[in-house]
Amino acid sequence: MAAKTPGSGVDVKDLTFFALFSLTFGSMMGSGVFDIPQNIANRSGAVAVVLHWFIVAAGMIALAWSFVYISNKRPDIKSGIYGYAKFGFGDYVGFTSAWGYYLNALLGNASYLIYVFATLGNFFPIFGKGPTAGATFPAFLCESLLIWIVMGLIIKGVKEASIVNVMITTVKLVALAVLILVFIYGFKTSIFVHNMSTTDPHLGSMLEQIKATMLVTVWDFLGIEAACIYAIYAKSMKDVGKATMLAVIVVLLIDTLLSVLPFGILTTSTVQALNTPSTAGVMASVVGPLSADFIRVAVLICVVGALLAWNMLATNILFLSAQDRTMPRFLTKVNKGGVPVNAALMAGFTLQFMMICAYFSQAVYLNMIMIATSLVLVPYLLAAMFSVKLILQEKKIYYYELIKGSLAVIYSIWMIYAGGLKYLAISTVMYLIGIVFFHKARKEENRKLFENRFEVVLFSTIVVVAITCVYAWHSGVLEL
């Protein structure tokens, strides 16, 4: 009989299939999608872009399949990506997965907040322009206000927050559909063929171009696990897998079209020179300069949607791990609406602290974003490895499933490499901060800090790497 898992005591089952899809889609579809043309064109030619998307599609669908496979084989695990790490590899590995995911979600949200008011700076100069965009004192005050508006919405109820998220997702899909239709209207085969046959020697070999492009798009799929994390609120566990797979396919389709179609509208060199957000420049070339404001509004909608989705995920990952006694007990408190109120408040105050740090030291903050983003890729690898573990535990091994699971593992390792091993090493310092919460949780349960030698070795490795990184940074050997 399967062990009791986090979420088993939650009675609120309000999330429909489309609500789960909206959470996953909203988490993945942030501001980056609107700058795909220029970001990719500066790293690869048209041929490499097309080949790159075949590779990404195979890897991301395999990773999404691993989440679906786990949810089908272990429906008792309703704690999502944290539960996959814990039940697959032990309590401490589960904690590191939850803690890293939590920090990534909030630091990502901090960047979203700055981006929102940097974009508004185009309409209201008080929020700054250029280097000060989104970093002025009025912007800081409004960013702080938005934090607590979003947190207030979440605390009011998961269903209420998900309804708002569904509305934002609907508007977002319509805006992106309009953008794609304009791109299709302006697409000219002759320009596309010319770009396909033209190579830029400065971009390097085909393999180098594909690798460089994957460094950009690796971030476009963060949030693929959102439906799994909110499985405890799902009306049906079957909807979790379906929502995950559909969201991945939709994001793949949108990203592919927005990155490939511009090569049939403008020359490669023109796309490379576009300003942020580059989709505005492409759209302006088709329907006129006034369309730039449409793109800016669409960016705001996407970012606010991602902000809401990721705050919900940060809150819930704390609650799930606390309910399983991996985090301190005070994080398990829920209000009448079934919302983990203390977890939401902790997430809100943590995000507020990050915004204060960002206001006074933005250069350091931007590097922390890179570190935190590396943190979320480790849970992806652990989930893919857990799916392979489950496959190998079956009485009859289906090799087609094993191939898909193995592909998910390989692609996850690649994403970690592409994200930067330096930042992954530096992130061990953040893991050390989290040990305080793990120690408190274990003490509350009268349990030893570590249960086996593997956990001791893992923690010792984290300590050694963290100390080495701090020393290297202090001595000037390691640059952030």
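Sequential numbering from 0 applies to the sequence shown in numbering that gives the first Met the number 0. Using N, Cα and C, we set each Cβ at its ideal position, and we do this for glycine too.
* Return the CA-CA distance between residue 291 and residue 439, expressed in angstroms with no decimal places. => Straight-line Cα distance between these residues: approximately 51 angstroms.
* Asked: Taking the alpha-carbon positions, what's the residue 434 to residue 427 distance?
  -> Residue 434 and residue 427 have their alpha carbons spaced roughly 11 angstroms apart.
* Asked: Start and end of the alpha helix (DSSP H) containing residue 401?
  -> Counting along the chain, the alpha helix (DSSP H) containing residue 401 begins and ends at 398–418.
* Evaluate residue 169 with the Cβ neighbour count: other Cβ atoms within 10 Å of its Cβ, from every protein chain shown; 16 or more gives buried, anything less gives exposed. => By the 10 Å Cβ count, residue 169 comes out exposed.
* Exposed or buried, what is residue 2 when buried is set at 16 or more other beta-carbons lying within 10 Å of its beta-carbon? -> Interpretation of residue 2 is limited by its pLDDT of 39, a score under 50 that renders its predicted location unreliable; the figure taken from the coordinates is listed afterwards. Counting Cβ neighbours within 10 Å, residue 2 comes out exposed, since fewer than 16 surround it.
* **Exposure of residue 445, with buried meaning 16 or more beta-carbon neighbours within 10 Å** => Around the beta carbon of residue 445, fewer than 16 other beta carbons sit within 10 angstroms, so the residue counts as exposed.
* Hey, which unbroken runs of the alpha helix (DSSP H) at 4 residues or more fall wholly within the segment 175–211? -> Within the segment 175–211, the runs of alpha helix (DSSP H) at least 4 residues long that lie entirely inside it are, in chain order, 188–196.
* Asked: Do you know how far the Cα of residue 345 is from the Cα of residue 356?
  -> Going by C-alpha positions, residue 356 is about 17 angstroms away from residue 345.
* Asked: Looking at the unbroken alpha helix (DSSP H) that takes in residue 298, where does it start and where does it end?
  -> Residues 290–322.
* Asked: What's the gap between the Cα of residue 394 and the Cα of residue 218?
  -> Just so you know, the alpha carbons of residue 394 and residue 218 end up roughly 37 angstroms apart.
* Give me the Cβ distance between residue 100 and residue 378, rounded to the nearest whole Å; I'm assuming they're in contact under 8 angstroms. => Residue 100 to residue 378, Cβ: 5 angstroms. Contact.
* Own chain partners of residue 27 with C-beta closer than 6 angstroms, once the 5 adjacent residues on each side are dropped -> Contacts found: 220, 222 and 250.
* To do: Pull up the distance between the alpha-carbon of residue 386 and that of residue 59, whole angstroms please.
  => One alpha carbon belongs to residue 386, the other to residue 59, and they sit about 14 angstroms apart.
* **CA-to-CA distance, residue 241 to residue 417, given in whole angstroms** => Taking the straight line joining both Cα atoms gives about 28 angstroms.
* Given that a residue counts as buried once 16 or more other Cβ atoms are within 10 Å of its Cβ, and exposed if not, what is residue 392? -> Per the 10 Å Cβ criterion, exposed.
* Three-way DSSP call (helix, strand, coil) for residue 233 in this model -> Here residue 233 carries a strand assignment [DSSP, helix/strand/coil].
* Asked: Three or more beta-carbon pairs under 8 angstroms between the segment 228–246 and the segment 67–74, yes or no?
  -> With the rule of 3 Cβ pairs closer than 8 angstroms, the segment 228–246 counts as touching the segment 67–74.
* Output the boundary residues of the alpha helix (DSSP H) element that contains residue 443. => Start and end: 427–443.
* To do: Counting only the same chain and skipping the five closest in sequence on each side, list residues whose C-beta sits under 8 angstroms from that of residue 328.
  => In its chain, beyond the 5 residues on either side, 321, 440 and 443 have a beta carbon closer than 8 angstroms to the beta carbon of residue 328.
* Measure the Cβ-Cβ separation of residue 72 and residue 231 and say whether it is below 7 angstroms. => Cβ atoms of residue 72 and residue 231: not closer than 7 angstroms.
* **Three CB pairs or more closer than 8 angstroms across the segment 112–121 and the segment 139–153** => Touching, yes, given that three or more Cβ pairs across the two stretches are closer than 8 angstroms.
* Close-in-space but distant-in-sequence residues of the same chain around residue 246 (CB under 6 angstroms, 5 per side omitted) -> Counting only Cβ-Cβ distances below 6 angstroms, and skipping sequence neighbours, we find 20, 23 and 24.
* Asked: Taking all protein chains shown into account, do 16 or more other C-beta atoms lie within 10 angstroms of the C-beta of residue 235, making it buried, or fewer, making it exposed?
  -> Around the C-beta of residue 235, fewer than 16 other C-beta atoms lie within 10 Å, and the residue is accordingly described as exposed.
* Asked: Under three-state DSSP, which class holds residue 448?
  -> Residue 448: coil per DSSP, three-state reduction.
* To do: Determine the DSSP secondary structure at residue 19, reduced to helix, strand or coil.
  => It is helical.
* Decide if the segment 263–279 is in contact with the segment 292–301; the criterion is three or more beta carbon pairs, one per stretch, under 8 angstroms apart. => Yes, the segment 263–279 is in contact with the segment 292–301.
* Check each candidate in 132, 153, 15 and 458 and name the one with the smallest Cα separation from residue 335. => For the residues 132, 153, 15 and 458, the minimum Cα distance to residue 335 belongs to 153.
* Using three-state DSSP, classify residue 14 as helix, strand or coil. => Three-state DSSP puts residue 14 in a strand.
* Asked: In three-state DSSP terms, what is residue 123?
  -> In the three-state reduction of the DSSP assignment, residue 123 falls in the coil class.
* **Residues near residue 476 in its chain [Cβ-Cβ closer than 7 angstroms; skip 5 each side]** => If the five residues before and after residue 476 are omitted, its C-beta is found closer than 7 angstroms to no C-beta atom of its own chain.
* Answer yes if the segment 295–312 comes into contact with the segment 200–215, meaning at least three C-beta pairs across the two stretches below 8 angstroms, and no otherwise. => With the cut-off at 8 angstroms, the segment 200–215 and the segment 295–312 do not touch.
* Cβ pair count under 8 angstroms reaching 3, the segment 80–95 against the segment 395–415 -> With a cut-off of 8 angstroms, the segment 395–415 and the segment 80–95 do not count as touching, because too few Cβ pairs lie within range.
* Three CB pairs or more closer than 8 angstroms across the segment 257–277 and the segment 29–49 -> Yes, since at least three Cβ pairs between the segment 257–277 and the segment 29–49 fall closer than 8 angstroms, the two stretches touch.
* Asked: From which residue to which residue does the alpha helix (DSSP H) around residue 36 run?
  -> From DSSP, the alpha helix (DSSP H) with residue 36 extends over 35–40.
* Assign residue 463 to one of three DSSP states: helix, strand, or coil. => Reduced to three states, the DSSP call for residue 463 is helix.
* Asked: Roughly how many whole angstroms lie between the Cα atoms of residue 79 and residue 258?
  -> Straight through space, the alpha carbons of residue 258 and residue 79 are spaced by roughly 31 angstroms.
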